[in-house]
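*Asks:* Here it is, the structure in full.
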Amino acid sequence: MNQGVDWMLKNRWEKIQTYGASLPFAKVYYREDWEVIYFELQGKMFALLSPTIDEQTQLTLKGNPQKNEELREVYESIKPGYHMNKKHWNSITLQSDELSDEELLQMLRASYQLVLAKFPKREREQLQRFVE
Numbered sequence: 011m012n013q014g015v016d017w018m019l020k021n022r023w024e025k026i027q028t029y030g031a032s033l034p035f036a037k038v039y040y041r042e043d044w045e046v047i048y049f050e051l052q053g054k055m056f057a058l059l060s061p062t063i064d065e066q067t068q069l070t071l072k073g074n075p076q077k078n079e080e081l082r083e084v085y086e087s088i089k090p091g092y093h094m095n096k097k098h099w100n101s102i103t104l105q106s107d108e109l110s111d112e113e114l115l116q117m118l119r120a121s122y123q124l125v126l127a128k129f130p131k132r133e134r135e136q137l138q139r140f141v142e
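Residues in the sequence shown are numbered consecutively from 11, following the working numbering.
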């Protein structure tokens with residue numbers, strides 16, 4: 011990997027973590043038992059990120075099953091979720107420039123929103139007061 015790609019990938023990797031941690035009530039941390047950077051909302055996973063930066067670095071996100079299929083057809087860098095339910099999760103290779111950083115962050119937020127939507131009504135309403 012050349013230095014420009016290294017910098018771009020490191021920047022993207024850091025940006026994803028920073029944005030994920032900025033979402034209301036979200037936690038982003040290294041989960042030792044899975045050897046992955048884990049994104050959670052009140053104990054519910056909404057994303058996974060490779061802990062190392064290289065050509066294999068992936069972001070795994072929850073998505074609408076139909077939309078997941080469409081994304082896989084359009085983008086070579088999007089595959090069924092690695093070690094996940096292939097219907098509900100996609101893994102995205104971050105070295106690819108098919109998706110902009112903004113598109114990745116929008117997808118991260120959509121994953122967060124899908125998890126939030128599954129909370130019981132009362133808890134969801136309390137959390138949503140803090141979500142834009």
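Glycine included, C-beta positions come from ideal geometry on N, C-alpha and C.
Computed from a predicted structure; not experimentally measured.
Taking its Cβ as the centre, do 16 or more other Cβ atoms sit within 10 Å of R134, making it buried, or is it exposed?
*Replies:* Exposed, since its Cβ has fewer than 16 Cβ neighbours within 10 Å.
*Asks:* Please confirm whether L104 and R22 have their CB atoms less than 9 Å apart.
*Replies:* For L104 and R22, yes; Cβs fall inside 9 Å.
*Asks:* Using the C-alpha atoms, what's the distance from Y39 back to V46?
*Replies:* Their Cα atoms are separated by approximately 8 Å.
*Asks:* What is the C-beta distance between Y29 and L118, in whole angstroms, given that I count them as a contact (C-beta under 8 Å)?
*Replies:* At roughly 6 Å, the Cβ-Cβ gap stays under 8 Å, so Y29 and L118 are in contact.
*Asks:* For T70, count neighbouring Cβ atoms within 10 angstroms of its own Cβ and tell me buried if that reaches 16, exposed if not.
*Replies:* When all chains shown are included, T70 counts as buried.
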